[in-house]
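Here's the structure we're looking at; comments come further down.
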Amino acid sequence: VGKITVDKGKLRAGAARVDEAAKNLEGAAGLGVAQAMAAVEDDLPEAVTAGVAIELSRAVAEVTADLMSALQGLAEGLEAAAENFHTVDVVYGEAAGG
Amino acid sequence: MTIHVNRWMKEAQPGVVGSRATRLADAAGAVNAAGTRLAEVLAEAGGVLGWVSDGALEARRHLTRADGQVGRFRDLLDEAAEALRTLDRSIGEHQPEIHRLLNPRPLPGNRGPGPPFPEAELRPHVDALALADRTARDRLQNVVGQLRALGATNLEDDWVGTAVPADVGRLLGKYGVVEDDRERAILDKVMLLPTGPRGDAELRALLAELTPEELADFLARHPDVARRLSGGLSPASVYAPGSPEAALAEVLDSTKNLPPKERIAAIRAAFARMMREDPQRAAQLALLYPEVVGNLDGAPLELRMVANRVKVGIALDDERAKRVDVQRANQEFEPNAKATAGNDKRITYYEKLLYEEVKNPTYKPGSERPETMSHQVLFFDGAGDGRIAEMWGTLDANTRNVGVFVPGTTADMSNFESDSNKMRDVALADPNRDTVTVTWLGVDMPDAIVPDAPFNHYAETGGPALRDFMWGLDVPADKRTTAIGHSYGGAVVGVADREGLEVDNVLHIASAGAGKGVDSVDDYPSGTATKRYSMTAPGDPIGLVQGAPHAGRIGHGADPDEMDGVVHLDTGRYDPDDPSHDGEMIQGRDAHSAVTRARGSTAWNNMVGVVTGGEVTLYTPPHTSYNPYGPGETTYPYERPGFEGPKVDIE
């Protein structure tokens with residue numbers, strides 16, 4: 001069993017990077033795809049592809065929302081860990097012979 | 001026939017759809033970047049938080065799965081982008097030609113009618129674009145279907161709930177023990193405590209600063225500290241007069257020579273006083289003395305559960321430590337698959353017992369019963385094969401039925417979950433949601449049928465323990481109580497019955513016997529006041545043991561299927577909707593376990609019927625043809641499709 005001090009700065013920096021990735025994702029996969037697919041509808045009047053574009057937009061939005069939740073959840077969790085914890089007992093691993 | 005040229009074939013500008021595809025590709029890039037960021041940050045956090053060995057492995061395992069899903073999402077966006085790019089290339093190839101053919105430049109000086117419609121020249125270009133359009137649509141539709149399937153795998157749950165530690169505390173609780181300033185101060189003091197009883201007493205005094213909730217969390221995160229609480233109580237004189245510790249030590253000491261029922265009643269009364277006077281201190285007592293309270297008949301069930309969570313936490317820690325030994329042994333010697341699997345199973349099961357939130361089978365909307373709950377462990381001992389009892393449902397004033405199931409030969413910690421889940425399903429089978437069930441493995445069961453099961457000493461030990469456990473449950477008299485014994489568990493229930501078990505009903509299922517020394521229901525103290533039922537499937541090998549002559553440590557009394565005063569039920573047939581059995585009769589070697597496993601079968605419905613006071617199917621004997629030269633041919637009624645035995649409502 002060993003004890004290490006939690007590097008709060010590193011956790012917070014990690015949270016910020018994850019948050020930034022979530023924002024980029026929102027812009028590119030959320031808004032960006034929705035705008036592009038709406039434009040495809042206008043670009044291709046009477047084309048059968050145009051009919052699927054909006055479905056694609058919705059499906060991408062749903063999965064994007066899930067992924068964003070995951071990223072934001074991780075960011076919040078890291079922030080909380082940085083806020084609440086100071087040291088960590090390493091219970092398993094080298095010290096335990098693992 | 002005039003060719004129809006769609007608007008988009010005339011109007012679409014080459015390159016425009018391609019630019020839309022670029023936005024999809026950009027999205028794929030953002031997804032990829034997010035996945036990479038996820039992996040980097042998680043790995044970094046793992047380092048910061050000290051995730052090594054198990055913790056690092058679990059984080060990596062989840063990350064691999066999450067990686068796969070992120071990668072799939074990225075690939076699908078790329079595929080959609082490529083579908084649009086292909087369409088765009090086709091537009092670039094054919095649209096200028098279509099435009100040229102539909103807009104011919106007038107010849108100088110020609111004022112007559114224009115040139116004829118160029119259908120023949122247009123057709124290959126229009127057909128090519130129509131095909132490109134359909135192909136793009138099909139590819140995009142395929143992408144949409146796969147994206148929906150990806151969403152249906154519950155991406156968020158996977159990532160947020162378990163994979164990526166959105167709930168970082170959960171992973172920390174499991175792998176990286178952390179503490180706030182107060183806990184840190186306590187731990188610093190703990191490190192300085194001497195070993196032995198004096199140090200343990202000082203430790204308890206130190207931990208008593210925490211509320212029961214704080215203490216439970218602390219012990220869950222510090223199994224090494226919890227392990228130091230394994231000792232028993234000192235004499236009452238050691239504790240402050242009037243303290244819960246003194247009260248419990250006093251009652252345990254003063255009642256040790258009383259008959260079990262009186263002792264349990266005295267313990268119950270002592271706890272009732274503590275709970276009235278200071279429920280917080282009573283809960284603290286359970287946490288500070290988990291080995292004393294966890295399995296103590298007469299202690300309130302909620303305190304037993306609290307204490308047993310501490311014990312399960314210690315056992316989990318032991319198993320994780322053992323894993324290191326097992327892995328090392330596997331590397332240095334011949335790999336031991338059995339030891340590895342057993343170790344893995346226990347770790348997984350203990351983690352479930354501690355962390356899994358399960359549906360409450362007695363939940364009713366509008367009631368005070370919780371919809372979900374933690375596992376309720378009423379008895380726990382991880383030593384050897386393991387002993388455990390788990391309760392399903394909320395036992396309260398509105399509970400109508402309480403059923404306790406005792407499994408048989410080969411039952412141990414590694415397969416207990418399966419037996420426990422049977423009783424969860426029995427509780428769920430009550431449409432009124434008023435049935436609470438317990439699976440009790442409070443005794444070491446035989447490991448094998450031939451060398452172990454004929455011996456009755458397991459039952460002689462287990463029977464009184466089961467009886468005391470039932471007394472300890474303190475089920476009010478207005479509830480319908482049932483003890484069920486399967487296989488060797490039947491012999492345990494039989495001995496408990498012989499030793500004064502107080503229940504309304506006893507059900508023997510493929511029972512090894514009615515209990516050593518029991519030849520008729522008159523040998524049970526409750527006589528016919530207890531209703532008894534029994535069923536065994538045709539061809540069940542337990543038939544070789546049932547009613548066999550007994551001598552000394554061999555034999556389990558009469559065959560309950562044959563005893564007067566015991567209602568003989570039929571095991572009947574499998575559920576007709578069960579595709580693996582198609583409604584066939586339950587019989588033969590497999591029948592021995594099927595009688596308690598096969599949901600929806602006649603046997604299963606009988607078990608539910610006895611526990612909940614519903615309909616049961618009575619036994620219909622087989623027909624044996626007369627043969628003057630040898631044994632006649634036996635045919636069982638359930639071999640005939642559609643046969644249904646007589647049914648009665650037992651309450």
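Those protein sequences? They're chains X and P, same order as listed.
Just so it is clear: in the first sequence, position 74 is 74 by the numbering used here, and no numbers are missing.
Just so it is clear: in the second sequence, position 590 is 590 by the numbering used here, and no numbers are missing.
Cβ atoms here follow ideal geometry from the backbone N, Cα and C, with glycine treated the same way.
Environment of residue i [buried if 16+ CB atoms lie within 10 Å]
i               : result
D649 of chain P : exposed
K311 of chain P : buried
T437 of chain P : buried
K516 of chain P : buried
P124 of chain P : exposed
T192 of chain P : For the record, residue 192 of chain P in the displayed sequence is Leu; it is not Thr. That one is exposed.
D478 of chain P : exposed
Q280 of chain P : exposed
P621 of chain P : exposed
H623 of chain P : exposed
G232 of chain P : exposed
I669 of chain P : The shown model of chain P, from 1 to 651, leaves out residue 669 of chain P, and the question about it has no answer.
L544 of chain P : exposed
R182 of chain P : exposed
S625 of chain P : exposed
H4 of chain P   : exposed
G630 of chain P : exposed
T2 of chain P   : exposed
V238 of chain P : exposed
I554 of chain P : exposed
R198 of chain P : exposed
S90 of chain P  : buried
N24 of chain X  : buried
V164 of chain P : With a pLDDT of 39 at V164 of chain P, under the threshold of 50, the predicted position of this residue should be treated as unreliable, and no value is reported.
R7 of chain P   : exposed
Among the options, the one whose alpha carbon lies nearest that of residue i
i               : options                        : result
M585 of chain P : P:R640, P:N627, P:E562, P:R597 : P:R640
R346 of chain P : P:L296, P:L303, P:K364, P:F416 : P:F416
A307 of chain P : P:F379, P:V16, P:D570          : P:F379
M445 of chain P : P:H457, P:V610, P:P244         : P:H457
F643 of chain P : P:G630, P:T617, P:G632         : P:T617
G18 of chain P  : P:E82, P:E44, P:Q546           : P:E82
A47 of chain X  : P:D430, P:P541, P:E40, P:D138  : P:D138
D224 of chain P : P:P244, P:E214, P:L203, P:R589 : P:L203
A185 of chain P : P:N343, P:L206, P:E499, P:G552 : P:L206
R148 of chain P : X:A15, X:A13, X:L56, X:A82     : X:L56
P454 of chain P : P:G565, P:R589, P:G552         : P:G552
T22 of chain P  : X:A16, X:V40, X:R12            : X:V40
A341 of chain P : P:G613, P:R323, P:L354, P:R20  : P:R323
G384 of chain P : P:Y355, P:A397, P:P361, P:A339 : P:A339
Q146 of chain P : P:V126, P:F73, P:R134          : P:F73
According to DSSP, residues forming a beta bridge with residue i
i               : result
A483 of chain P : P:V404, P:V506
Y638 of chain P : Y638 of chain P pairs with nothing; no bridge assigned.
D297 of chain P : P:A299
W392 of chain P : P:T437
F333 of chain P : For F333 of chain P, which the question treats as bridged, DSSP gives no partner whatsoever.
V106 of chain X : One cannot answer for residue 106 of chain X here, as it falls past the ends of chain X, which runs 1 to 98.
M373 of chain P : P:V358
V648 of chain P : P:V616
D381 of chain P : P:R387
Y533 of chain P : P:L507, P:V567
Contact set between residue i and chain C, taken where Cβ atoms lie within less than 9 Å
i               : result
V292 of chain P : The structure shown has no chain C; the protein chains it does contain are X and P.
Check: residue i C-beta below 7 Å from any heavy atom of the ligand SAH
i              : result
G27 of chain X : As for the ligand SAH, it is missing from this structure, which has no ligand bound.
For the region 36–65 of chain X, list every residue whose C-beta sits within 9 Å of some C-beta in chain P, in sequence order.
Correct list: A36, M37, A39, V40, D43, L44, P45, E46, A47, V48, T49, A50, G51, V52, A53, E55, L56, R58, A59, V60, E62, V63, T64, A65.
Which residues, in order along the region 10–24 of chain X, keep a beta-carbon less than 9 Å from a beta-carbon of chain P?
K10, L11, A13, G14, A15, R17, V18, E20, A21, A22, N24
Entirely within the region 406–494 of chain P and at least 4 residues each: give me those alpha helix (DSSP H) ranges in chain order.
416–428, 457–473
Please list the residues of the region 131–150 of chain P that have a C-beta atom closer than 7 Å to any C-beta atom in chain X, keeping them in chain order.
D133, R134, A136, R137, L140, Q141, V143, V144, L147, R148, L150
Go through the region 556–627 of chain P residue by residue and report every complete run of the beta strand (DSSP E) that reaches 3 residues or more, in order.
566–568, 615–617
I'd like the ranges of any alpha helix (DSSP H) spanning at least 4 consecutive residues and lying wholly in the region 198–225 of chain P.
Here the runs fully enclosed are 212–221.
Short of 9 Å Cβ to Cβ, which residues in the region 2–17 of chain P face chain X?
N6, R7, W8, M9, E11, A12, Q13, V16, V17
My parser needs the alpha helix (DSSP H) runs of 4 or more residues fully inside the region 258–294 of chain P; what are they?
260–277, 279–288, 290–293
Chain X contacts made by the region 15–41 of chain P, where a contact means CB separation under 9 Å:
V16, V17, S19, R20, A21, T22, R23, L24, D26, A27, A28, G29, A30, V31, A33, A34, G35, T36, R37, L38, E40, V41
Going along the region 478–500 of chain P in order, which residues come within less than 7 Å of chain X, judged by CB to CB distance?
none
Pull out every residue of the region 76–90 of chain P whose Cβ sits closer than 9 Å to any Cβ of chain X, in chain order.
L76, L77, A80, A83, L84, L87
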